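For the sequence shown, position 63 (counting from the first letter as 1) is numbered 63 according to UniProt numbering, and the numbering increases by one without interruption.
Each residue gets a CB set at the ideal place from its N, CA and C atoms; glycine is no exception.
Bear in mind that the values here come from a model prediction, so they are computed numbers and not experimental data.
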Amino acid sequence: MPEPNNVSYNAVVSGLAQHGLYKESLSFFKKMQSLYSGLFLDEFTIVIGLSSCAVFGEVELLQQLHAVVVVLRLEFDAVCNALIDAYGKCGYRRYPDLSYKAFLTYHTL
């Protein structure tokens, strides 16, 4: 990508994940984060990353993304749902502390 931006970045990561190429999606996700400091993680990127983490049980990356969610205050419903889903698929039965916005999410469990 000559000049990557968040839209192109999210499109590639999402496209790979939607076609079942989760390993490639995670690899591209990690590569882009290390190569391009101008890209920032938004709620769309986080949800895609969390979904891929859940498939492979990538707990370390899952916890890193969770920290990013907290620091950047990206606690939107979709992000909270993706966090709970990813932790559950990785075998966690205690779910992360999330803001009050996730209150309804907990009730759906």
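Coil, strand or helix - L19 by DSSP: First, the residue type needs correcting, since residue 19 is His and not Leu in the sequence shown. DSSP places H19 in coil when its eight states are reduced to three.
Distance between R73 and E24 (C-alpha atoms, nearest Å): 27 Å
Coarse secondary structure for F44, derived from DSSP in three states: helix
Cβ pair A78, V59 closer than 7 Å: no
Within 7 Å, strictly: CB atoms of N81 and D42: no
Span of the alpha helix (DSSP H) around E3: Careful: E3 lies outside any alpha helix (DSSP H) and carries neither H nor E.
C-alpha distance - H66 paired with L83, whole-angstrom precision: 7 Å
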